[in-house]
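In this text, residue positions in the sequence shown follow my numbering: the first is 16, and each later residue adds one.
Just below is one structure, and these are the notes that go with it.
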Amino acid sequence: MEEEKKHAMFTSFRAGRSPKEVIEFFNYPKLTVYDQTDEFVAEAKRKVNKDGNKSYANRSSPTPSTRTFQQDSAPAHKSKETQAWLLENLPYHWSPDLWPPSSPDCNPLDYFNLGMVENKTNKHAHNTLDSLRAAIVEEFANMNKHRLEMVVAADGGYIEISIYVCPSFNKNC
16 MEEEKKHAMF TSFRAGRSPK EVIEFFNYPK LTVYDQTDEF VAEAKRKVNK DGNKSYANRS
76 SPTPSTRTFQ QDSAPAHKSK ETQAWLLENL PYHWSPDLWP PSSPDCNPLD YFNLGMVENK
136 TNKHAHNTLD SLRAAIVEEF ANMNKHRLEM VVAADGGYIE ISIYVCPSFN KNC
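Given below as structure tokens:
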């Protein structure tokens with residue numbers, strides 16, 4: 016198995032993702048993921064048993080960093096020279112082949128803000144580019160600041176939002 020795929024799975028396991036989530040997220044074969052799950056658990060147990068004074072989380076990580084370097088698939092990022100340098104200097108990076116599709120965890124701006132703005136600005140047709148620009152600017156200006164702060168505080172992860180639903184048709188609720 017390619018080392019970077021194995022690393023991507025181990026990183027996901029360390030982040031608390033289940034094998035089922037890894038299968039769905041990366042679209043890897045079940046057998047491969049479950050084999051790697053067994054290997055990950057065995058490796059973590061060996062490390063914990065070697066020095067019982069250290070926590071599972073600290074011992075299961077092969078590097079002090081809990082971060083993985085990732086770039087998108089822009090031509091400069093995909094070049095052979097760039098990928099060779101990353102592999103040599105940053106062994107814990109994801110190649111452009113492993114770019115997670117539709118991942119709000121890896122790119123909250125693209126999948127949270129832009130999607131929300133697009134939904135609101137496309138409710139009606141715009142006859143001019145200026146009309147579309149004005150609608151986009153207005154939507155960004157009207158965004159709920161508290162909601163954006165929650166997304167940032169969650170580091171792009173999932174957030175819970177309480178929605179108050181007016182029990183009557185009175186718009187003054």
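Built from N, CA and C at the ideal position, the CB exists for glycine as well.
Mapping DSSP to helix, strand and coil, what is His161?
Of the three classes helix, strand and coil, the one that applies to His161 here is helix, per DSSP.
Considering only their Cβ atoms, is the gap separating Thr52 from Pro34 smaller than 7 angstroms?
Cβ atoms of Pro34 and Thr52: closer than 7 angstroms.
Roughly how many angstroms separate the alpha carbons of Phe55 and Trp100, rounded to a whole number?
In a straight line, the C-alpha of Phe55 is about 27 angstroms away from that of Trp100.
Suppose the cutoff is 7 angstroms on Cβ atoms and the five residues either side in sequence are ignored; what does the same chain contact list for Lys45 look like?
Taken in chain order, the residues that qualify are Ile38.
What is the rounded straight-line gap between the Cα of His141 and the Cα of Leu147?
So the alpha carbons of these two residues sit roughly 6 angstroms apart.
Taking 8 angstroms as the limit between beta carbons, can you name the residues of its chain near Ile151, skipping five residues before and five after?
Once the five neighbours on either side are set aside, the close Cβ partners of Ile151 are Val132, Thr136.
Residues bridged to Trp100 by DSSP?
None, per the DSSP bridge assignment.
Which stretch, first to last residue, makes up the alpha helix (DSSP H) that contains Lys138?
Counting along the chain, Lys138 falls outside any alpha helix (DSSP H), and DSSP gives it neither H nor E.
Buried or exposed: which applies to Ser94, given that a residue is buried once 16 or more other Cβ atoms fall within 10 Å of its Cβ?
Looking at its Cβ environment, which holds fewer than 16 other Cβ atoms inside 10 Å, Ser94 is exposed.
For Glu154, which of Met165, Glu164, Ala89, Leu129 has the nearest alpha-carbon?
When only C-alpha atoms are compared, the closest one is Leu129.
Report the residue from Leu102, Asn134, Arg61 whose alpha carbon sits nearest the alpha carbon of Met158.
With distances taken between Cα atoms, Met158 lies closest to Asn134.
Beta-carbon within less than 6 angstroms of Phe28's beta-carbon, same chain only, minus the 5 sequence neighbours each way: which residues are those?
The residues are Phe55.
What are the boundary residues of the alpha helix (DSSP H) that Pro111 is part of?
Neither: Pro111 is in no alpha helix (DSSP H) and is coded neither H nor E.
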